[in-house]
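Encoded as structure tokens, the structure appears first; notes follow it.
There are 2 protein chains.
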Amino acid sequence: MEARNIVALAGGVGGAKLAHGLYRALPPNTLTVIGNTADDFQLWGLHISPDLDTVMYTLAGIANPETGWGVAGDTWKMIEQLGRYGYDTWFRLGDLDVATHIARTELLRAGRTLTDVTQGLTHALGIKAALLPMCDEPVMTMVDTPAGQLQFQDYFVRRRHQDQVDATSFCGVEQATVPAQVGQAMSKADAIIFCPSNPIVSIGPILAVPRMRPLIADSRATKIAVSPLVGGKALKGPAEQMLRGLGHDVSARGVAVLYRDLIDVFVIDHADAEQQAEIEALGMRVLVTDTVMHTDDDRERLAREVLEYVKREA
Amino acid sequence: MEARNIVALAGGVGGAKLAHGLYRALPPNTLTVIGNTADDFQLWGLHISPDLDTVMYTLAGIANPETGWGVAGDTWKMIEQLGRYGYDTWFRLGDLDVATHIARTELLRAGRTLTDVTQGLTHALGIKAALLPMCDEPVMTMVDTPAGQLQFQDYFVRRRHQDQVDATSFCGVEQATVPAQVGQAMSKADAIIFCPSNPIVSIGPILAVPRMRPLIADSRATKIAVSPLVGGKALKGPAEQMLRGLGHDVSARGVAVLYRDLIDVFVIDHADAEQQAEIEALGMRVLVTDTVMHTDDDRERLAREVLEYVKREA
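Structure follows, in structure tokens:
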């Protein structure tokens, strides 16, 4: 079967890389990326959607190649001036980047949905894929640490994810609903791909939206997850501490356990090949390949391997 | 009498120049500038106060020397990105400048007054003078033109003040009140100086705030206005078309007529010396000097002449 409609679930930098690979590998307008919005927050009156923006900038080919987030060639005049006004400028908004937040905030205040706003922004940037927030309602990831309960960006950016994580929760998620466009994309998907994003705070919130899990489970699509852990390590971000803190195995297998009953195929790196049998024992097939994406070509190669696997095995 | 407490009424670029001269000439914390806020408007969800900002940047020594408004060395990343999102970017917000609007908007939304917010910003920029908005309530200058009624920035910036002006009004001004700080500054002022700003849409709205005229009239201060017209021409902006459209003389004398009964002294340029007797006939003294301010030294020299005149004649 030729995979014609592909849905990808993605968080920030790692997820955006595979989403970008899929975008390059697929015909225009066949990819739908569902983004995590539980990291969204209000800063200086602006509505910031870090994960949506990372995916958007990456697909548009304007992401900062050094950081993976933010816009290439961005400058810091605005934030420096806010610093002069006495603001605590721990969250580094670039001058190009801030335009996104100004536009989004204005449109949301005017009553547009985040789905609608995101569509306008991605369309303006020439992206021929749908980028959809997991929901239009506000959801807020909270992280319980020995220092107290922290908002996600506070934990992640301000405190540089150094705290031990005792628990996470997605405040507001019970009231969230799957946007109609997400339901439509799921219903016609040939493959649903869980990008190599943090399973706890990137894919986790997406799956926590009521009705999202049954939508995925009931879909006729092949469901494939790519492990964000390689050799027991997260390539970026706090997935290790989080898995450990929440009592999960800090391994590809530990992530596979979290996705059990949802996915058909789990993609692991050669570094983790010895876990293949254990993961298969969870009731899923395993694809072993190179999952580390250094270059744009790496992204596309991994995407093509995943898509070929769907085509061959479906 | 030594002039110890000076109040200046100022609009944008021209007024800011004399305010800056006064600031340089006076001891710290003896100058209060009352700024026009009837040009304020909402753009992309941000609260913009063009005249307050021009005065603030000028007093802080960071104004763009070429334009007179905006911040020196500013860049345009944010606005270019907004342009990519399909926004009509007729109002050129610089990257440094936008920080001011983000901060102001956030603080106003949190319930602070414009007086309070402006004090915070000017203090952060190290300005040792008080900059006070004419009122904390929203007031909006409307300009009647053959093309219809326009908001001021639409007429002034977008349409480059090319339209004939048939009338102006200050929407909301009846509900405005003089901030307590303005009343206090007026009550202890030794001199009240009308800077060379547009008499219709810069000084006009300040004087239109209920109770502002009697406050000035009843003050024991010497009241001095500097003509914004030199040789029958405005150095900048649409004062000529406005005076003409509203049926006033397009001359220093025409401006003096508007300020009659409020001021004791009118300062005109040598180019207008022949109007001295006519202006004196309006019931005011006249100081003839060089009023064109090309350099910072020009600003300070004119300010010192005005202050010396107050000291000598009061």
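Chains as they are written, first to last, in numbering that gives the first Met the number 0: chain V, 0 to 313; chain H, 0 to 313. The beta-carbon is built from N, C-alpha and C at its ideal position, and this holds for glycine as well. As the structure is a prediction and not an experimental result, all values here were calculated from the model.
Chain H contact residues for residue i, given Cβ-Cβ distances below 8 angstroms
i     : result
V/K76 : D73, T74, K76, G93, D94, L95 and A98
V/L81 : A98, I101 and A102
Separation of residue j from residue i, as counted between CA atoms
i      : j      : result
H/G93  : H/V142 : 26 angstroms
V/G85  : V/R159 : 22 angstroms
V/A190 : H/Q152 : 52 angstroms
H/M0   : H/L214 : Since pLDDT at H/M0 reaches only 46, below the 50 mark, its modelled position is unreliable, and the value read off the structure follows with that caveat. So the alpha carbons of these two residues sit roughly 21 angstroms apart.
H/F90  : V/A220 : 49 angstroms
H/P195 : H/R284 : 17 angstroms
V/Q183 : V/E79  : 43 angstroms
V/I267 : V/D38  : 26 angstroms
V/P150 : H/L242 : Inspection of the sequence shows that residue 150 of chain V is occupied by Gln rather than by Pro. Cα to Cα, the separation comes out at about 57 angstroms.
V/C170 : V/T31  : 25 angstroms
V/H19  : H/A98  : 32 angstroms
V/R3   : V/T29  : 6 angstroms
V/D87  : V/Q41  : 14 angstroms
V/A175 : V/A123 : 27 angstroms
H/G147 : V/R111 : 30 angstroms
V/I47  : V/S250 : 31 angstroms
H/G14  : V/R108 : 35 angstroms
V/K235 : H/I61  : 41 angstroms
V/E277 : V/R311 : 23 angstroms
V/T290 : V/L81  : 40 angstroms
H/R252 : H/W43  : 41 angstroms
V/L95  : H/M77  : 5 angstroms
H/V208 : H/R83  : 40 angstroms
Neighbour list for residue i in chain V, Cβ cutoff strictly below 8 angstroms
i      : result
H/E105 : W43 and G44
Endpoints, the alpha helix (DSSP H) within which residue i is located
i      : result
V/A302 : D295 to E312
H/D94  : D94 to R108
H/G182 : A179 to S186
V/P337 : There is no way to answer for residue 337 of chain V, as the model of chain V reaches only from 0 to 313.
V/L8   : Counting along the chain, V/L8 falls outside any alpha helix (DSSP H), though it belongs to the beta strand (DSSP E) covering I5 to A9.
H/A190 : From DSSP, H/A190 is part of no alpha helix (DSSP H) but of the beta strand (DSSP E) over A190 to F193.
H/A18  : V12 to A24
H/P204 : I202 to A207
V/Q80  : K76 to R83
Beta-carbon contacts of residue i that lie in its chain and below 7 angstroms, excluding the five residues immediately before and after
i      : result
V/P27  : K127
V/N63  : G69, V70, A71 and D73
H/V254 : P198, S226, P227 and L228
V/I328 : One cannot answer for residue 328 of chain V here, as it falls past the ends of chain V, which runs 0 to 313.
H/L261 : R212, I215, A216 and K222
V/A233 : P227 and E239
V/G325 : Examination of residue 325 of chain V is not possible in this model, given that chain V is present from 0 through 313 alone.
Contacts of residue i in chain H (Cβ-Cβ under 7 angstroms)
i      : result
V/G85  : A123
V/R108 : G44
Cross-chain neighbours of residue i in chain H, by beta carbon under 9 angstroms
i      : result
V/L120 : Y84
Close Cβ partners of residue i (< 8 angstroms) along its chain, the five nearest in sequence each way excluded
i      : result
V/Q163 : T144, P145, Q240 and G244
H/E307 : none
H/A24  : E299, A302, R303 and L306
V/Q275 : I267, V285 and V287
H/T294 : none
V/L120 : M55, T99, A102 and R103
H/G282 : R259 and D260
Residue range of the unbroken beta strand (DSSP E) whose run includes residue i
i      : result
H/A123 : That residue, H/A123, is in no beta strand (DSSP E); its alpha helix (DSSP H) goes L113 to A123.
Proximal residues to residue i (C-beta, below 6 angstroms), its chain only, five neighbours per side dropped
i      : result
V/K16  : M292 and R298
H/G314 : This structure cannot speak to residue 314 of chain H, because chain H is shown only from 0 to 313.
V/D296 : none
V/L106 : V116
V/S168 : M141
H/E279 : V285
V/A129 : T31
Below-8 angstroms beta-carbon distance, residue i vs any chain B residue
i    : result
V/A7 : The displayed structure is made up of protein chains V and H, and chain B is not among them.
Within the segment 239-297 of chain H, note down every full alpha helix (DSSP H) run reaching 4 residues or more, in order along the chain.
251-258 and 275-279
Give, in chain order, every unbroken run of the alpha helix (DSSP H) that is at least 4 residues long and sits entirely within the segment 210-237 of chain H.
211-217
For the segment 28-62 of chain V, which segments carrying the alpha helix (DSSP H) assignment without a break, of at least 4 residues, lie completely within its bounds, in sequence order?
49-58
Completely contained beta strand (DSSP E) runs for the segment 143-171 of chain H, where each covers 3 or more residues:
147-150 and 166-170
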